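First the structure, in the form of C-alpha cells, and then the observations on it.
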C-alpha cells in the first residue's frame, strides 16, 4: 500500500513538473510574440477582431495588406494578399475602398492599369477578379450598390463597371473624359445619382450624373474655391468637404459644397484655412459633424466642425501632430469611433480615438512597408 502511494506521489510530482514546464514555454512564446509584433498587435489579437484596416503595398507586385482591428482600436497584421497587378504613382484618395455592404474590396493597380476585387472574409481577403480600368493610371475607385467607377489620371477619364458577385463587367457608354488633368479622387454621392472628381492641376471639380442605364453622363466642371483640390468626403445628405493642398501654410484650406439633385455644385464655405501646409486627404464622421484633413507638409491632422448647413469651422488646427509623419491618407471606422492615418514619412499607420468634440487621442500604431498607399477601414 505504501509503494502504491509512493508511485502516485511520484506521478503527481511529474504532472506538476510537466505543467510548470509548459507554463514556462507558453509564457516564453507570449513574450516572443509581444516582442515581435509590439504591444498594440498583441492587444488586438487578444481582444479579437472588431473590424479591419486595409492599405496597398503599391509595389511592382501590388498587394493589399490587412490589419485586424480590435474593439479598442488596436491593430494587428493579419495578412498580405496580391492583387495580381502592379502598383504605380498615386497621389490620390480612394485607391482602395469597401463596398456598401462590406462584402467586397476594390483596389487600383496604377502600374498595370486595372482594378482588383477581393471578397472580405473572416480570414482576410479572397481574390475575386481583376479587370482593365478603361484608361491609363487608375488612381481612385468608388462603389455604390452594384456599380463601380474608377478615375484614370493619365488618360483623364472615368470608366464604370457592374459588380456581380465579385466579378466586374464594363458598362457600355460609361467612359467619360474631362478637360483637365491630375485627377486625385472619384466618389459617388450618398444617393448614388452623381459622381464627383477632383482635378489637382486645374483646380476643378467635375460632376457626372449617372443615368438609368448606369452610364455616367458628360462632365459638368466647376472652379474650385481654392487651389489644388485633392481629397474629399461626403457628410450629411449630399454635402461634401474638399481639401485644398494649395502649398505652404497658411494657404492650405478646406471648402464645403452642396450637391443638388440635378448635379449643381454650390459652395457653402470657401477655403477655410487649416493654418497648416498641404491639406490633401479628408475624412468626415458618419454623423457629418466633423471633418478631418491630413496635412502632409505639416505632419498634422486638422479638425473642422460642420454645421447642419454644411458650413465649416476650424476647431483644432493640429488635432494630431507627429514630426516626420508626412500623413498621406486617412480612414474612419464605420462607426467613426476611430481614425487611422497612413504616415508615409514614418512608414506606419497611426491610430486615434475620436472625441465627442472632434479631438483625437493617439493610440498605438503599426508599421507598414515603405511606399504603402491608400487606406480604408471597417
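Residue numbers (my numbering): 1 to 378. Yeah, the Cβ is synthetic: ideal placement off N, Cα and C, and Gly gets one too. Owing to the predicted nature of the structure, the values given are computational and were not obtained by experimental measurement.
- The C-beta separation of residue 184 from residue 231 comes to about 6 Å, placing the pair in contact by the 8 Å criterion.
- In this model, residue 289 and residue 308 are separated by some 8 Å (Cα to Cα).
- Shown here, residue 296 sits in a helix according to DSSP, grouped into three states.
- In the structure shown, residue 154 adopts coil according to DSSP, grouped into three states.
- With respect to the 8 Å criterion, residue 241 and residue 225 are not classified as neighbours on the basis of their beta carbons.
- Contact fails between the segment 258-266 and the segment 332-349, because fewer than three Cβ pairs, one in each stretch, are under 8 Å apart.
- Take residue 301, set aside five residues on each side of it, and the residues of its chain with a beta-carbon closer than 6 Å to its own are 292, 294, 319, 320, in chain order.
- Restricting attention to 174, 178, 145, the CA atom closest to the CA of residue 155 is found in 178.
- Note that the C-beta distance between residue 349 and residue 55 is below 8 Å.
- Of the residues assessed, residue 145 falls on the exposed side of the cut-off, its CB having fewer than 16 other CB atoms within 10 angstroms.
- Between residue 116 and residue 176, the beta carbon gap of about 22 Å keeps them out of contact (Cβ cut-off 8 Å).
- In the structure shown, the three-state DSSP call for residue 361 is strand.
- In this structure, DSSP gives residue 165 a state outside helix and strand, which the three-state scheme calls coil.
- By the 16-neighbour rule on beta-carbons within 10 angstroms, residue 89 is exposed.
- Taking residue 92 as reference, the option from 282, 378, 303, 364 with the minimal CA-CA separation is 282.
- Using a Cβ distance threshold of 8 Å, residue 329 and residue 373 count as a contacting pair.
- Sorting 121, 108, 65 by C-alpha distance to the C-alpha of residue 85 places 108 at the top.
- By the Cβ-count criterion, residue 69 is buried, with 16 or more other Cβ atoms from all chains shown falling within 10 Å of its own Cβ.
- Beta-bridge annotation (DSSP): residue 321 is paired with 300.
- Pairing residue 205 with residue 229, the inter-Cα distance amounts to about 8 Å.
- A straight line joining the alpha-carbon of residue 114 with that of residue 104 spans about 16 Å.
- For residue 329, the enclosing beta strand (DSSP E) starts and ends at 327-332.
- For residue 127, the closest C-alpha among the options 376, 83, 275 is that of 83.
- For the 8 Å CB-CB criterion, residue 151 and residue 186 form a contact.
- Counting along the chain, residue 114 sits inside the beta strand (DSSP E) bounded by residues 114-121.
- Looking at the backbone, the Cα of residue 233 and that of residue 94 are separated by about 10 Å.
- Using a Cβ distance threshold of 8 Å, residue 134 and residue 190 do not count as a contacting pair.
- Counting only residues of its own chain and dropping the five nearest sequence neighbours on each side, residue 192 has a CB closer than 8 Å to the CB of 144, 145, 147, 210.
- Across the set 182, 141, 153, 180, the C-alpha of 141 shows the shortest separation from the C-alpha of residue 162.
- Under the three-state reduction of DSSP output, residue 374 falls in the strand class.
- Rounded to whole angstroms, residue 306 and residue 71 show a C-alpha spacing of 27 Å.
- Taking each of 64, 358, 212, 362 in turn and checking the Cα distance to residue 118, the smallest one comes out for 64.
- One Cα belongs to residue 195, the other to residue 207, and the distance between them is close to 6 Å.
- Within 10 angstroms of the beta-carbon of residue 358 lie 16 or more other beta-carbons, which makes it buried.
- The beta carbon of residue 273 lies closer than 6 Å to those of 250, 253 in the same chain, with the five residues before and after it left out.
- Residue 345 holds the alpha-carbon nearest to the alpha-carbon of residue 326 among 130, 311, 345, 333.
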